Every structure is written in C-alpha cells, then in structure tokens.
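Visitor: I am attaching a structure below and will ask some questions about it afterwards.
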Amino acid sequence: MRLQGPAAASAQRLLGLLLLLLLQLRAPSSATEIPKGKQKALLRQREVVDLECTFTKMRSNSALRVLFSGSLRLKCRSACCQRWYFTFNGAECSGPLPIEAIIYLDQGSPELNSTINIHRTSSVEGLCEGIGAGLVDVAIWVGTCSDYPKGDASTGWNSVSRIIIEELPK
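Just so we're aligned, residue 70 is where the sequence shown starts under this note's numbering, counting upward by one.
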C-alpha cells in the first residue's frame with residue numbers, strides 16, 4: 070500500500086525522525102579508554118575532529134539540521150580562542166552559512182601560574198543546504214579563531230555528548 074497526501078507527508082516526517090541520528094557517548098576519562106558502542110555508531114575521537122559519524126541523506130533537495138550538545142572547554146594562561154564547527158563530507162557548510170560556535174578567553178592568572186578551566190554545557194546548531202543524497206560524513210571539528218592564539222580545547226569531558234542530525238524537506 071502506498072500512502073498519498075497528508076498521510077504520506079506524515080509518514081515521510083516519521084521516516085525523517087526515524088532517520089534522526091542521536092549519538093550518545095560518555096566521554097573517555099583518558100585517551101586510552103574507548104566508550105562502549107563507539108564503533109557501532111561510527112564515531113571516532115581525534116585531536117582535531119572531536120566527533121564524526123555517517124548519515125544517509127534520502128533526498129538531494131532537502132536540508133540537514135545538525136545539533137551538537139555537550140561539554141566544551143577552553144583553557145589558557147593568556148588570551149586564546151577556539152572554534153567548534155561542523156563539516157559535511159570534509160567541507161564546511163556554505164549554504165546558507167557555516168555552523169559554528171566559539172569560546173574566547175581573555176586570560177588566565179599568570180601571577181598564580183594557573184589557567185581558567187571551566188567546562189560549559191554548550192550547543193552548536195544550524196541548517197546546511199546543497200548536500201546531495203547519499204552517505205554524508207558529518208563531523209564537528211575544533212580549530213582556531215583567526216588572529217587569536219590557540220588554547221587547550223576539550224569536547225565532551227566527563228559528560229554525555231550528542232550529535233543530532235535531521236533531514237528536513239524544503
């Protein structure tokens with residue numbers, strides 16, 4: 070039986086929600102600890118790519134809505150800035166805009182030889198258009214902000230982090 074009209078739209082929306090990729094992982098407490106189920110979800114933790122997964126996009130004329138929710142941290146002894154951003158098949162979104170968030174710190178406490186080390190629950194969210202149908206590698210990267218020194222960035226420390234990917238019809 071093939072659905073038509075509003076029932077087909079509801080079924081398509083339900084399919085889109087079923088395709089919603091919700092990746093949950095407990096961040097490793099050390100570099101050698103691997104979260105359970107990590108391989109199953111096709112996640113890989115690296116130095117610059119913090120979370121990566123593969124999503125099957127069903128239509129070429131749809132948009133992807135992505136959301137990262139989890140702990141972000143930046144620490145440094147002097148001014149620094151880091152940028153968390155999504156890539157799709159290795160490239161940043163250009164339609165309509167990059168999907169990004171930044172954390173900037175003015176300085177730590179040089180006289181005490183200490184750093185600011187606040188872990189914040191944060192989100193990075195946006196829409197990306199112009200991605201063809203098929204397998205899409207979605208990743209959240211950590212990079213530097215232009216004209217600012219790099220700090221010591223951390224993603225997902227001691228907490229659950231999620232990447233949610235949803236295909237939205239135009």
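Ideal Cβ placement from N, Cα and C applies to all residues, glycine included. This structure is a prediction, so every number in the text was calculated from the model and none was measured.
If you run the structure through DSSP and keep just helix, strand and coil, what is residue 210?
Guide: Walking along the sequence shown from the start, residue 210 turns up at place 141. In the structure shown, residue 210 sits in a strand (DSSP, three-state: E or B).
Visitor: For the 8 Å Cβ check, are there 3 or more pairs between the region 138-156 and the region 202-211?
Guide: Yes: at least three Cβ pairs fall under 8 Å.
Visitor: In the DSSP assignment, find the beta strand (DSSP E) that holds residue 132 and state where it starts and stops.
Guide: Position 63 of the sequence shown, counted from the start, is the residue given in the question as residue 132. Here the beta strand (DSSP E) through residue 132 covers 132-144.
Visitor: Taking the beta strand (DSSP E) that residue 41 falls in, what are its first and last residues?
Guide: For the chain, the structure presents residues 70 to 239; residue 41 sits outside this window and is missing.
Visitor: Using only alpha-carbon positions, find the residue among 144, 138, 131 that is nearest to residue 220.
Guide: By one-based count along the sequence shown, residue 220 stands at place 151. Measuring from the Cα of residue 220, the nearest candidate turns out to be 144.
Visitor: Can you tell me whether residue 65 is buried or exposed, with buried defined as 16 or more other CB within 10 angstroms of its CB?
Guide: Given a span of 70 to 239 for the chain in the structure shown, any question on residue 65 remains unanswerable.
Visitor: Taking C-beta to C-beta, are residue 201 and residue 140 nearer than 8 Å?
Guide: Indexing the sequence shown from 1 puts residue 201 at position 132. Indexing the sequence shown from 1 puts residue 140 at position 71. Cβ atoms of residue 201 and residue 140: not closer than 8 Å.
Visitor: Classify residue 126 as helix, strand or coil using the three-state DSSP reduction.
Guide: For the purposes of this step, residue 126 is taken as residue 57 along the sequence shown, with counting starting at 1. Here residue 126 sits in strand by DSSP.
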